[in-house]
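Please read the structure below before turning to the comments.
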């Protein structure tokens, strides 16, 4: 793919960009490292006001991020660290997998690509209390949250979040409905729900090529790939042919030694302008000769 | 109406031209850098005292490159909390291994590098690559991103300093030390590549 334009146009555009920059930034900002507490505010929320024995509910870790700074998706990309949540729950409780909303992609100078969130994000999981949960007394839930927040520099942060909820046999009343509605909407579909949006086909072990076919037209397609733990992604190429199909290809470096689990998240804007995502888990066979 | 539309069209065209220029630049900046087995890109950079260090002059020695940014918490971890860099470089110092830090961070000067070398008692050169040229030639993505160059000038290892990005492993493996041990004993490097981790290299825009 090449872009043809006259060099003088480019120079002029550069000058305009410089002028814009000079106007927006009054002075070169090189601030001292800010205090971690000013960068991310973390809060633990539940979508219920009380807990019923044996009945699952959602818990969310809401991170409010200082403007222009970002925290990371479950695969941070070329740099950074994923945001991590470790639940401390009373005996008999179960926590499901942590769900991450569709991330943003940051293209940084030097071809360093990152995936994560600006401004605000909520990571959601399903918590299930035991069926024999005693009624009455409040349940104490806590989560250790760790993140790396970056702008021109990176600052690690952490918080121990707690939430106390009454337990009882009556049906729980919903809570924090708006926050959960907002962030549940931004979670990628999985399993049969993902299959209603798109179908995926994967070829090769290294390089790997994947193609999705959308059931309805999709625009502004972005791929987010989670490689096996020890591997990075190289030579990532994406290509959309029309609005019904998109491909991604990449190499795993270093190549996995055995069969490897790869997650593919394909995000797109549907014909109504809504951003959607479908997430697929694919087991790549072991490389030839292994 | 026409008087209003004309300048608007002009702005739109310029905006389009500008977005094309950005796309082309990103394309040009791309590239996966060097891989194990490939020739290490040559360079000549100044250390914190303004002295030139030329890779060509180090032929016949093993060279370790440590991508560096003292404002990055991962670099701080391996210099302040864990002393990984000081200990590993000291261990190999008298065994024909030359350890070099490369600071590609946008805007950093020799004086900045000198200051941090003093603060952290760094016993090896910190090379000034604030233009990003050498970082891009190697495909340095993170700080730290480590490269080991063998005596013939080929990349013998590229990746993380160890296998512990989160910094919480009790039994982390120092992958650079492992590669140096194998390389200097004449055997081949069993793990020539790992996923580098850390902060993004803060390249000049």
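Chains as they are written, first to last, in the numbering used here: chain A, 1 to 290; chain B, 1001 to 1205.
Don't be surprised by glycine CBs; every beta carbon is placed ideally from N, CA and C.
Would residue i pass as an interface residue toward chain A - the criterion being a Cβ-Cβ separation below 8 angstroms?
i	result
residue 1142 (chain B)	yes
residue 1165 (chain B)	yes
residue 1201 (chain B)	yes
residue 1133 (chain B)	no
residue 1156 (chain B)	no
residue 1153 (chain B)	no
residue 1204 (chain B)	yes
residue 1198 (chain B)	yes
residue 1073 (chain B)	yes
residue 1178 (chain B)	no
residue 1082 (chain B)	no
residue 1114 (chain B)	no
On the criterion of 16 or more Cβ atoms from any shown chain inside 10 Å, does residue i qualify as buried, or is it exposed?
i	result
residue 285 (chain A)	exposed
residue 217 (chain A)	exposed
residue 1142 (chain B)	buried
residue 268 (chain A)	buried
residue 117 (chain A)	buried
residue 213 (chain A)	exposed
residue 1138 (chain B)	buried
residue 59 (chain A)	buried
residue 215 (chain A)	exposed
residue 1197 (chain B)	buried
residue 56 (chain A)	exposed
residue 209 (chain A)	exposed
residue 7 (chain A)	For residue 7 (chain A), the predicted structure reports a pLDDT of 43, less than 50, and the residue's modelled location is therefore unreliable. A value from the coordinates is still provided. With fewer than 16 Cβ atoms within 10 Å of its Cβ, residue 7 (chain A) is classed as exposed.
residue 1136 (chain B)	buried
residue 159 (chain A)	buried
residue 15 (chain A)	Confidence at residue 15 (chain A) is low in this model, with a pLDDT of 44, below 50, so its placement is unreliable and no value can be given for it.
Using a threshold of 8 angstroms, state whether the C-beta atoms of residue i and residue j are closer than that.
i	j	result
residue 145 (chain A)	residue 161 (chain A)	yes
residue 1068 (chain B)	residue 1149 (chain B)	no
residue 236 (chain A)	residue 75 (chain A)	no
residue 279 (chain A)	residue 188 (chain A)	yes
residue 176 (chain A)	residue 46 (chain A)	yes
residue 1177 (chain B)	residue 1114 (chain B)	no
residue 1201 (chain B)	residue 1104 (chain B)	yes
residue 1112 (chain B)	residue 1045 (chain B)	no
residue 254 (chain A)	residue 287 (chain A)	no
residue 63 (chain A)	residue 95 (chain A)	no
residue 221 (chain A)	residue 143 (chain A)	no
Just the chain E side, please: which residues come within less than 7 angstroms of residue i by C-beta, in chain order?
i	result
residue 231 (chain A)	Within the model displayed, chain E is absent; protein chains A and B are what it includes.
So residue i and residue j are in contact, right, with Cβ under 8 angstroms, and what is the actual spacing, rounded?
i	j	result
residue 1204 (chain B)	residue 1106 (chain B)	4 angstroms
residue 190 (chain A)	residue 201 (chain A)	That belief does not hold up - the Cβ atoms of residue 190 (chain A) and residue 201 (chain A) are roughly 17 angstroms apart, past 8 angstroms.
residue 224 (chain A)	residue 265 (chain A)	4 angstroms
residue 309 (chain A)	residue 83 (chain A)	Because chain A in this structure spans residues 1 to 290, residue 309 (chain A) falls outside the shown range and cannot be described.
residue 141 (chain A)	residue 167 (chain A)	About 11 angstroms separates the two Cβ atoms, so there is no contact after all.
residue 1207 (chain B)	residue 1102 (chain B)	Nothing in the structure corresponds to residue 1207 (chain B), since chain B is present only between 1001 and 1205.
residue 93 (chain A)	residue 130 (chain A)	6 angstroms
residue 1075 (chain B)	residue 1144 (chain B)	6 angstroms
residue 1163 (chain B)	residue 1194 (chain B)	7 angstroms
residue 281 (chain A)	residue 263 (chain A)	6 angstroms
residue 102 (chain A)	residue 277 (chain A)	4 angstroms
Identify, in the order they occur along the chain, each residue of the same chain with its Cβ nearer than 6 angstroms to the Cβ of residue i, setting aside the five sequence neighbours on each side.
i	result
residue 260 (chain A)	228, 284
residue 80 (chain A)	72, 114, 148
residue 274 (chain A)	none
residue 1122 (chain B)	none
residue 195 (chain A)	none
residue 1099 (chain B)	1064, 1089, 1124
When you compare the CB of residue i with every CB in chain B, is at least one pair closer than 8 angstroms?
i	result
residue 155 (chain A)	yes
residue 262 (chain A)	no
residue 112 (chain A)	yes
residue 78 (chain A)	yes
residue 109 (chain A)	yes
residue 81 (chain A)	yes
residue 95 (chain A)	no
residue 293 (chain A)	This structure does not reach residue 293 (chain A), given that chain A is present from 1 up to 290, and the question cannot be answered.
residue 152 (chain A)	yes
Keeping to the same chain, check which residues put their C-beta closer than 7 angstroms to that of residue i; ignore five residues upstream and five downstream.
i	result
residue 1156 (chain B)	1036, 1148, 1149, 1150, 1179, 1183, 1189, 1192
residue 219 (chain A)	243, 268, 269
residue 1031 (chain B)	Its pLDDT being 49, under 50, residue 1031 (chain B) is placed unreliably in this model, and the coordinates cannot settle the point.
residue 271 (chain A)	216, 217
residue 1154 (chain B)	1037, 1038, 1039, 1040
residue 1047 (chain B)	1053, 1125, 1126, 1127
residue 100 (chain A)	73, 74, 123
For residue i, collect the residues of the same chain with a Cβ closer than 8 angstroms to its Cβ; drop the 5 residues on either side in sequence, then sort them by chain order.
i	result
residue 1079 (chain B)	1070, 1085, 1086, 1120, 1122
residue 97 (chain A)	125
residue 155 (chain A)	33, 34, 36, 39, 148, 149
residue 173 (chain A)	48, 49, 50
residue 169 (chain A)	52, 53, 135
residue 1146 (chain B)	1064, 1065, 1066, 1067, 1157, 1158, 1159, 1160, 1161, 1175, 1176, 1196
residue 1094 (chain B)	none
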